[in-house]
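Residue numbers (this note's numbering): -1 to 341.
Note that CB positions come from ideal geometry on N, CA and C, so glycine has one too.
Shown next, in structure tokens, is the structure this report addresses.
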């Protein structure tokens, strides 16, 4: 099966599999007290700064919950977009396990702005109101758009001025960095992000994410939250080895650059098809398009993908590290032919 449903559908990059196999020898200490995990943490610090404290998790939802919990009390809230993964795609896990309210804000492009944050900063000091404490953004966003370093910096500035933290869900941070032509530090540490969920699963690893505390003093609670949240791996070396493969060199960038390039190729191939409209800028590895409803299942039968909005017939096509030019060209040709026949 080949498709455009999700970058989670892709397999594991061979270099990652090799890294896992390479550490599958002998006995080492468990729960992260091993040289492989030490190496992975060192690589994160090479990319994000020496102050970074790194805690590995099994999946993105777990990483987001652990990271946010380190910043919140139960009477405090998280300001996010209405399309945020923590708001719509984590089955209510953040609110259940944090005991904190998500204040979700509609946006046209999946991005918060300083003005939107200020408008949502309500009830400070009033015992009857939940207290604003965290601004949470996603990079790249759930709509395939991305924040520039200046935009993230402006959000950090307003959050910190209001005694709030900035949390970044970086499930596709590599795609954003590749698209912007910057390093990982330039869109995190250097622009004021406090806690980062660093994604690996969507960028070619078998499974694993990382919670990274970027502001000194924020890491003290995370180890305990990580364990209590069931995100502490006993055989940690096998999670850590995957990040060594990604970060010790440029695999993270190669994978993301390729996925982005395939999305641009797909966009170029379909944007002039009559009856098809690309509805958001293509800035990472996703293409969102509106199609006539009857053609959607025809295309899905050949290449699986998700319908993003049933009412407006908007679909999402995701490209991954292993999407090929042949995949893109064949799908685009099918879309062109199918829409022409339906006209």
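Cβ of residue i within 8 Å of Cβ of residue j?
{"i": "residue 348", "j": "residue 185", "result": "Since the displayed the chain opens at -1 and closes at 341, residue 348 lies outside it and no answer follows."}
{"i": "residue 312", "j": "residue 286", "result": "yes"}
{"i": "residue 132", "j": "residue 121", "result": "no"}
{"i": "residue 326", "j": "residue 228", "result": "no"}
{"i": "residue 61", "j": "residue 173", "result": "no"}
{"i": "residue 138", "j": "residue 281", "result": "yes"}
{"i": "residue 178", "j": "residue 272", "result": "no"}
{"i": "residue 198", "j": "residue 241", "result": "yes"}
{"i": "residue 170", "j": "residue 283", "result": "yes"}
{"i": "residue 68", "j": "residue 216", "result": "yes"}
{"i": "residue 210", "j": "residue 42", "result": "yes"}
{"i": "residue 320", "j": "residue 8", "result": "yes"}
{"i": "residue 207", "j": "residue 85", "result": "no"}
{"i": "residue 54", "j": "residue 238", "result": "yes"}
{"i": "residue 232", "j": "residue 29", "result": "yes"}
{"i": "residue 180", "j": "residue 147", "result": "yes"}
Mind reading off the beta-carbon distance from residue i to residue j? Whole number of angstroms is fine, and I expect it under 8 Å.
{"i": "residue 130", "j": "residue 77", "result": "6 Å"}
{"i": "residue 142", "j": "residue 278", "result": "5 Å"}
{"i": "residue 195", "j": "residue 166", "result": "7 Å"}
{"i": "residue 263", "j": "residue 308", "result": "Residue 263 to residue 308, Cβ: 27 Å. No contact."}
{"i": "residue 75", "j": "residue 100", "result": "7 Å"}
{"i": "residue 119", "j": "residue 182", "result": "About 29 Å; that fails the 8 Å criterion."}
Looking only at DSSP bridge pairs, what is residue i linked to?
{"i": "residue 129", "result": "74"}
{"i": "residue 275", "result": "288"}
{"i": "residue 164", "result": "133"}
{"i": "residue 51", "result": "211"}
{"i": "residue 301", "result": "Answer is none; residue 301 lacks a bridge partner."}
{"i": "residue 204", "result": "Bridge partners of residue 204: none, in fact."}
If you drop the 5 nearest sequence neighbours on each side, which residues of the same chain put their C-beta closer than 7 Å to that of residue i?
{"i": "residue 213", "result": "192"}
{"i": "residue 59", "result": "88 and 91"}
{"i": "residue 176", "result": "251, 254, 255 and 258"}
{"i": "residue 310", "result": "288"}
{"i": "residue 168", "result": "137, 194, 195, 196 and 197"}
{"i": "residue 82", "result": "102, 134, 136 and 140"}
Excluding sequence positions up to five away, which residues of its chain have a Cβ less than 8 Å from the Cβ of residue i?
{"i": "residue 292", "result": "340"}
{"i": "residue 110", "result": "77, 78, 79, 103, 133, 135 and 153"}
{"i": "residue 155", "result": "112 and 190"}
{"i": "residue 26", "result": "32, 33, 34 and 235"}
{"i": "residue 303", "result": "1, 2, 3, 297, 313, 314, 315 and 316"}
{"i": "residue 64", "result": "53, 55, 209, 220, 223, 224, 227 and 229"}
{"i": "residue 6", "result": "199 and 200"}
{"i": "residue 342", "result": "Any question about residue 342 goes unanswered here, given that the chain covers just -1 to 341."}
{"i": "residue 274", "result": "268, 287, 288, 289, 333 and 337"}
{"i": "residue 72", "result": "96, 97 and 98"}
Ignore the nearest five residues each way along the sequence and tell me which others in residue i's own chain have a CB closer than 6 Å to its CB.
{"i": "residue 10", "result": "204"}
{"i": "residue 37", "result": "242"}
{"i": "residue 51", "result": "211 and 217"}
{"i": "residue 105", "result": "79"}
{"i": "residue 187", "result": "46, 47 and 212"}
{"i": "residue 331", "result": "none"}
Should the region 189 to 205 be regarded as contacting the region 235 to 255, the criterion being three or more beta carbon pairs within less than 8 Å? yes
Does the region 214 to 232 come within contact of the region 15 to 26, defined as at least 3 CB pairs closer than 8 Å? no
Any chance the region 88 to 106 sits against the region 260 to 267, with 3 or more Cβ pairs inside 8 Å? no
Given 8 Å as the limit, is there contact between the region 96 to 111 and the region 47 to 57, that is, 3 or more CB pairs closer than that? no
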